[in-house]
Amino acid sequence: MARQQPPPWVHAAVLLCLLCLSGAIEIPMDPSIQNELSQPPTITKQSVKDHIVDPRDNILIECEAKGNPAPSFHWTRNSRYFNIAKDPRVSMRRRSGTLVIDFRSGGRPEEYEGEYQCFARNKYGTALSNRIRLQVSKSPLWPKENLDPVVVQEGAPLTLQCNPPPGLPSPVIFWMSSSMEPITQDKRVSQGHNGDLYFSNVMLQDMQTDYSCNARFHFTHTIQQKNAFTLKVLTNNPYNDSSLRNHPDMYSARGVAERTPSFMYPQGTASSQMVLRGMDLLLECIASGVPTPDIAWYKKGGDLPSDKAKFENFNKALRITNVSEEDSGEYFCLASNKMGSTRHTISVRVKAAPYWLDEPKNLILAPGEDGRLVCRANGNPKPTVQWMINGEPLQSAPPNPNREVAGDTIIFRDTQISSRAVYQCNTSNEHGYLLANAFVSVLDVPPRMLSPRNQLIRVILYNRTRLDCPFFGSPIPTLRWFKNGQGSNLDGGNYHVYENGSLEIKMIRKEDQGIYTCVATNILGKAENQVRLEVKDPTRIFRMPEDQVAKRGTTVQLECRVKHDPSLKLTVSWLKDDEPLYIGNRMKKEDDSLTIYGVAERDQGSYTCVASTELDQDLAKAYLTVLADQATPTNHLAALPKGRPDRPRDLELTDLAERSVRLTWIPGDDNNSPITDFVVQFEEDQFQPGVWHDHSKFPGSVNSAVLQLSPYVNYQFRVIAINEVGSSHPSLPSERYRTSGAPPESNPADVKGEGTRKNNMEITWTPMNATSAFGPNLRYIVKWRRRETRESWNNVTVWGSRYVVGQTPVYVPYEIRVQAENDFGKGPEPDTVIGYSGEDYPRAAPTDVKIRVLNSTAISLQWNRVYPDTVQGQLREYRAYYWRESSLLKNLWVSQKRQQASFPGDRPRGVVSRLFPYSNYKLEMVVVNGRGDGPRSETKEFTTPEGVPSAPRRFRVRQPNLETINLEWDHPEHPNGILIGYTLKYLAFNGTKLGKQIVENFSPNQTKFTMQRADPVSRYRFTLSARTQVGSGEAVTEESPAPPNEATPTAAYTNNQADIATQGWFIGLMCAIALLVLILLIVCFIKRSRGGKYPVREKKDVPLGPEDPKEEDGSFDYSDEDNKPLQGSQTSLDGTIKQQESDDSLVDYGEGGEGQFNEDGSFIGQYTVKKDKEETEGNESSEATSPVNAIYSLA
3 MARQQPPPWV
13 HAAVLLCLLC
23 LSGAIEIPMD
33 PSIQNELSQP
43 PTITKQSVKD
53 HIVDPRDNIL
63 IECEAKGNPA
73 PSFHWTRNSR
83 YFNIAKDPRV
93 SMRRRSGTLV
103 IDFRSGGRPE
113 EYEGEYQCFA
123 RNKYGTALSN
133 RIRLQVSKSP
143 LWPKENLDPV
153 VVQEGAPLTL
163 QCNPPPGLPS
173 PVIFWMSSSM
183 EPITQDKRVS
193 QGHNGDLYFS
203 NVMLQDMQTD
213 YSCNARFHFT
223 HTIQQKNAFT
233 LKVLTNNPYN
243 DSSLRNHPDM
253 YSARGVAERT
263 PSFMYPQGTA
273 SSQMVLRGMD
283 LLLECIASGV
293 PTPDIAWYKK
303 GGDLPSDKAK
313 FENFNKALRI
323 TNVSEEDSGE
333 YFCLASNKMG
343 STRHTISVRV
353 KAAPYWLDEP
363 KNLILAPGED
373 GRLVCRANGN
383 PKPTVQWMIN
393 GEPLQSAPPN
403 PNREVAGDTI
413 IFRDTQISSR
423 AVYQCNTSNE
433 HGYLLANAFV
443 SVLDVPPRML
453 SPRNQLIRVI
463 LYNRTRLDCP
473 FFGSPIPTLR
483 WFKNGQGSNL
493 DGGNYHVYEN
503 GSLEIKMIRK
513 EDQGIYTCVA
523 TNILGKAENQ
533 VRLEVKDPTR
543 IFRMPEDQVA
553 KRGTTVQLEC
563 RVKHDPSLKL
573 TVSWLKDDEP
583 LYIGNRMKKE
593 DDSLTIYGVA
603 ERDQGSYTCV
613 ASTELDQDLA
623 KAYLTVLADQ
633 ATPTNHLAAL
643 PKGRPDRPRD
653 LELTDLAERS
663 VRLTWIPGDD
673 NNSPITDFVV
683 QFEEDQFQPG
693 VWHDHSKFPG
703 SVNSAVLQLS
713 PYVNYQFRVI
723 AINEVGSSHP
733 SLPSERYRTS
743 GAPPESNPAD
753 VKGEGTRKNN
763 MEITWTPMNA
773 TSAFGPNLRY
783 IVKWRRRETR
793 ESWNNVTVWG
803 SRYVVGQTPV
813 YVPYEIRVQA
823 ENDFGKGPEP
833 DTVIGYSGED
843 YPRAAPTDVK
853 IRVLNSTAIS
863 LQWNRVYPDT
873 VQGQLREYRA
883 YYWRESSLLK
893 NLWVSQKRQQ
903 ASFPGDRPRG
913 VVSRLFPYSN
923 YKLEMVVVNG
933 RGDGPRSETK
943 EFTTPEGVPS
953 APRRFRVRQP
963 NLETINLEWD
973 HPEHPNGILI
983 GYTLKYLAFN
993 GTKLGKQIVE
1003 NFSPNQTKFT
1013 MQRADPVSRY
1023 RFTLSARTQV
1033 GSGEAVTEES
1043 PAPPNEATPT
1053 AAYTNNQADI
1063 ATQGWFIGLM
1073 CAIALLVLIL
1083 LIVCFIKRSR
1093 GGKYPVREKK
1103 DVPLGPEDPK
1113 EEDGSFDYSD
1123 EDNKPLQGSQ
1133 TSLDGTIKQQ
1143 ESDDSLVDYG
1153 EGGEGQFNED
1163 GSFIGQYTVK
1173 KDKEETEGNE
1183 SSEATSPVNA
1193 IYSLA
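Going by my numbering, the first residue of the sequence shown is number 3, and it counts up by one from there.
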């Protein structure tokens, strides 16, 4: 059982500690450490040295760096300070040194050509970019010219020159007719590397078309066409008889004189060529002659490098990839036809631009420590090394007694804080240069632990595990481990401490459980962390399912009893034929068994019980055989208990023949269940001794059968009886019988040829078993040859099941044959199988990648497919790697994990979906073959538009009392744009009755809302969504708690309040209240008819006006018409009409009494009119009571 996988930070920290021990460490990515530690600048991104830009686009020269504090940037142009502020077209990106030159307001890009260099500086040093040579792409027009017809004698050689206009970069040349039909090329007519079209000999049919040279320019994606050449072929036979094209002696048939070969390119007998190390060497030989000559390539004093050499252009070109010094020498091409041959010698010299042997690395030291920077490079000629410090030559820097320069090495002794700086190493020769930055940083940091504290590691008993304790400090701390806070340092025996500080326990025992403490110490202090180790018992199946034979329609139970650690969660699952088993209605899965009711034929197969916990698993397998129905007569035995049959006995072999034998046996007792089948098995002692195989199956009524045998097998047989209960134990084996040998009658199957490396092909097959070997000393004759060539077959004899062919070209088809052979002879002639040698990584990347944004989460990609010869294997797919660089929302952290989208096959377009809206993305494309990814395309950037947000998080509905409901929520996890607010929709429901939906809109910062309930019985359904400018996003729905679970503020509510209106006592109570109210109203009318007036000025909001005839002294004279409130309103004490939805509470009118509502919403509380002392004292009307007071006085 593998140990528990640690979290990802552990791997990073372990790597960090390994780097610490090597003396050159990278500061951990822990933000707390990053923000505290000072760090000189480091260039993290820059444009290529030869930067060619499209004149139609703005110019972008990249330069990004990191450091603490963040570095500032400036540029030089042609070795002089480049003042960006003086040029309105030039700007620098924020927090970056990337230059942007904008031509939207005019200007010529050519004016900005030159050599640029970026400087990133903070108070600890200055880092430099490469010298970036900026050039503007050029696609000049083809000069117009009138071309006369080219007159040539049939059979003569001819060169049609292209001479394309010089472009930057150089254009791609191809030949077509003026009607845009491609020119068919073969070994007689082909295009040279220089773009010219060569005819080894001209034929009359060459006049049937014209020839136009075309140039395709990379950046502008334009094709320019040269005026077409027309041919006039002089011939001795003016009839262009197509039947002569396939004539074995076509040239003589047409009266064309045959000629020995001569070279059209290169001319003469010798030439020379220089190539840089790591580049491709292309040698070309184009010859004329009649008949068309063949070209062959050789290297003097050795063989061509088969793993790198490739023939192109119908063998007229030899390409050697990734050239190295050993590829220098003399090569020659041999042109030959039946008239003779000639050869041309090419002397190849391999030079080299500087390349790293030892690139300087950042050096982080503690005060007083020693260190060194090494800058070692090689090249041809030998490069020179120049050291700089903070961008200035080291010779001009102030002397430092702690620093010593020794050629390509700088040695630091007893470093101090003042030694911090950024050093540059520039190594160069006539073919190029390399520039590397390496800073020296002196840190004194006490030990710090990088992992979470008090981790819990659980591991299975007797397994191996490792406890990690990542740390950081300067000087590099030493780490020691202790168990349970006491004892000596753990190392040795069952423990092993790695250099990075990890503690390995080789075999976990129960006594290893406990708390382990790791202590990191240096001269500045110490730090410690603890890891708690728990040892768990393994998961084991102690009662496994057994093989069963069942009759269709019966019930089968497969047992699977498991013992596991009780602290771990156990999961038992089943597989059928190694696939997850669907538990249908005929099956029942319990913790310790699987029951199948009504077994059918489709249930036959292997069943695997998988018992797993989060730490380990165990599994056991059984096979279920399902038998068809057998009609058995009912007899008195049917009531007796049934069992498996007894084993057959007394096996006897008779009628011994060369390829057959008769086996006879006596059946055992059927145990009250008739035997339905006998299974005959065999074992042989040569290939798989002790392993029994099924030979044949016979009905239960048979006890003797003739068995067909294979040659040269030492057979032994046994018999198994089967009834509806199950299988018997196997019979005792028969005596052995060896058949005589013979040549194989078949060959191995599944013959394949596949490359495991780029320069080999592995031929494999399924070995033949004992019954097909037919004789001793079985072996295989393996043959192979290149497909579509005349070379003879290669062959080798193999005793295993594989053979590796070495030194093969990359991805070349081969014909393969594998024939079986034994000491009696060979097998039949094998079939021919096509295999391929190994693939190499693709050499080219998709070009002209175009991105079109479809919506906020998807883009459309379009690209130019790579040429087939650059795939170097089977093109599996085009693949896009993309990652989210940042969000357009400020301060929103995003994961920059790379993702990929695959586009199988040779296609030029695809769609990438599931993107995050409102984000900046970067994308690269590669072509993928069986070996892996090819080089990456140019990085493209795109921005997804704003989208709708995800659902608000943690939407919570709380009901503190019966009057209010509180809603709370958090902002969406993915805003996908700028939030402009939230939309809340809610409605009341009671059973199946739904109320009117109400919509509330909130600001983007509001995350709470309190709602006043209209009644205490209904529940509410709330739907909340966030909004951007695009629209509303995903909604989340919650409901208010059910009434039985609500907290009631008074004892007036019971658990069955939803049904209270149907109770008899409640109906009677309501009738009594209604009668009482009617009586009170009658009394009120009687009082009013006597002219009673009641003070109402106490609650008036405005003073009474003299224009009101009914309001003179602050009293109100009630009348019938004044007592008719509007529908949907209620009359207040001051005579004004107030809506029922008013927020005014009637309690405000009482003197300390609280109004209460009955369960049907009616008002049954009491209230009194507040008195003003000035009006009540000495006023004769003070004894008059209000209608309400009158009611209560009567009550």
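Even for Gly, the Cβ is constructed at its ideal location relative to N, Cα and C.
No experiment lies behind these values; they were computed from the predicted model shown.
Check: If we count Cβ pairs, one from each stretch, closer than 8 Å, do we get three or more for the region 832-846 versus the region 873-892?
Finding: Enough Cβ pairs lie closer than 8 Å, so yes.
Check: Would you report the Cα separation of tyrosine 213 and threonine 237, rounded to the nearest angstrom?
Finding: 20 Å
Item checked: DSSP state of cysteine 65 mapped onto helix, strand, coil -> strand
Next item on the list: For lysine 565, collect the residues of the same chain with a Cβ closer than 6 Å to its Cβ; drop the 5 residues on either side in sequence, then sort them by chain order.
Entry: Arg542 and Phe544
Check: Can you find a C-beta in chain C that's less than 9 Å from the C-beta of arginine 133?
Finding: Considering every chain present, this structure includes no chain C. It has just one protein chain.
Notebook entry, point to check: How is the beta strand (DSSP E) around glutamate 686 delimited, first residue to last?
Noted result: That run of the beta strand (DSSP E) goes 679-686.
Notebook entry, point to check: Nearest-angstrom Cα distance between glutamate 817 and serine 192?
Noted result: 29 Å
Check: With a CB to CB cut of under 6 Å and the five nearest residues on each side skipped, what residues in its chain are close to phenylalanine 219?
Finding: Ser141, Gly169 and Pro173
Item checked: Extent of the continuous alpha helix (DSSP H) run through methionine 770 -> Taken as a continuous stretch (DSSP letters only), methionine 770 belongs to no alpha helix (DSSP H), as it is neither H nor E.
Notebook entry, point to check: What is the rounded straight-line gap between the Cα of leucine 375 and the Cα of arginine 345?
Noted result: 52 Å
Item checked: Where glycine 586 falls, given that 16 or more other Cβ within 10 Å makes a residue buried -> exposed
Checklist line | Proximity of serine 453 and asparagine 524 at Cβ, strictly below 9 Å | finding: no
Notebook entry, point to check: If proline 947 and tyrosine 920 are in contact, beta carbons under 8 Å, what's the gap, nearest whole angstrom?
Noted result: Under the criterion of beta carbons closer than 8 Å, proline 947 and tyrosine 920 qualify as touching, at roughly 7 Å.
Item checked: Inter-stretch contact (C-beta, 8 Å, three-pair minimum) for the region 149-165 and the region 78-92 -> no
Check: Hey, tryptophan 354 and asparagine 382: beta-carbon distance below 9 Å or not?
Finding: The sequence shown places alanine at residue 354, rather than the tryptophan named in the question. Cβ distance < 9 Å, so alanine 354 and asparagine 382 count as in contact.
Item checked: Own chain residues within Cβ distance below 7 Å of glutamine 163, not counting five before or after -> Excluding sequence neighbours, glutamine 163 sits near Asp198.
Check: Can you give the Cα-Cα distance for leucine 709 and phenylalanine 826, rounded to whole angstroms?
Finding: 23 Å
Margin query: Threshold first: 3 residues or longer. Then list the beta strand (DSSP E) segments lying entirely within the region 191-223, N to C.
Written below: 191-193, 199-201 and 214-219
Next item on the list: Enumerate, from N- to C-terminal direction, the unbroken beta strand (DSSP E) stretches of 3 or more residues contained entirely within the region 248-314.
Entry: 261-267, 272-278, 283-286, 288-292, 296-301 and 311-314
Checklist line | Cross-strand partners of alanine 962 (DSSP beta bridge) | finding: The sequence shown places proline at residue 962, rather than the alanine named in the question. Partner(s): none; proline 962 has no beta bridge.
Next item on the list: Apply the 10 Å Cβ neighbour rule to valine 601 and answer buried if 16 or more other Cβ atoms are within range, or exposed otherwise.
Entry: Answer is buried; the Cβ neighbour count reaches 16.
Notebook entry, point to check: Within this structure, are the beta carbons of tryptophan 389 and asparagine 428 separated by less than 9 Å?
Noted result: For tryptophan 389 and asparagine 428, yes; Cβs fall inside 9 Å.
Note to self: Within the continuous alpha helix (DSSP H) that includes proline 401, where are the two ends?
What the structure shows: No alpha helix (DSSP H) holds proline 401; DSSP gives it neither H nor E.
Notebook entry, point to check: For the putative contact between leucine 463 and isoleucine 510, defined by C-beta atoms under 8 Å, what is the C-beta separation to the nearest angstrom?
Noted result: 6 Å
Next item on the list: Below 7 Å CB to CB, which residues in the same chain sit around arginine 1023 once its five sequence neighbours on both sides are set aside?
Entry: Tyr988, Leu989, Phe991, Thr1039 and Glu1041
Check: Does the region 666-680 touch the region 582-596, meaning 3 or more C-beta pairs lie closer than 8 Å?
Finding: no
Checklist line | Which residues DSSP lists as bridging alanine 953, in chain order | finding: Paired residues: none, contrary to the question.
Check: What residue from Lys125, His223 and Met178 has the CA that sits closest to proline 171's CA?
Finding: In terms of Cα proximity to proline 171, the closest of Lys125, His223 and Met178 is His223.
Next item on the list: Report, in whole angstroms, the separation of the C-beta atoms of alanine 772 and glutamine 690, which I expect to be a contact under 8 Å.
Entry: Contact holds; Cβ gap of about 7 Å.
Next item on the list: Give every residue of the same chain whose Cβ lies closer than 6 Å to the Cβ of glycine 907, excluding the five residues on either side of it in the sequence, and list them in chain order.
Entry: none
Check: Taking C-alpha atoms, which residue in Asn315, Val352, Gly99 and Ala860 lies nearest to glutamate 328?
Finding: Val352
Margin query: I'd like the ranges of any beta strand (DSSP E) spanning at least 3 consecutive residues and lying wholly in the region 700-735.
Written below: Entirely contained in the region 700-735, the beta strand (DSSP E) runs reaching 3 residues are, in chain order, 706-710 and 716-724.
Next item on the list: Check whether the region 809-823 touches the region 780-793, counting contact only when three or more Cβ pairs, one atom from each stretch, lie closer than 8 Å.
Entry: Look at the beta carbons and you see the region 809-823 touching the region 780-793: at least three pairs across the two are nearer than 8 Å.
Next item on the list: Just confirm the distance between the C-beta atoms of threonine 1199 and threonine 347, as a whole number of angstroms; I'd bet it's less than 8 Å.
Entry: A question about residue 1199 goes unanswered here, because the residues of the chain that appear run from 3 up to 1197.
Notebook entry, point to check: If you scan the region 105-182 from start to end, which runs of the beta strand (DSSP E) of 3 or more residues do you find wholly inside it?
Noted result: 116-124, 127-130, 134-138, 152-155, 160-162 and 174-178
Notebook entry, point to check: In the structure shown, what three-state DSSP assignment does arginine 511 receive?
Noted result: Residue state for arginine 511 is assigned as coil, using DSSP reduced to three classes.
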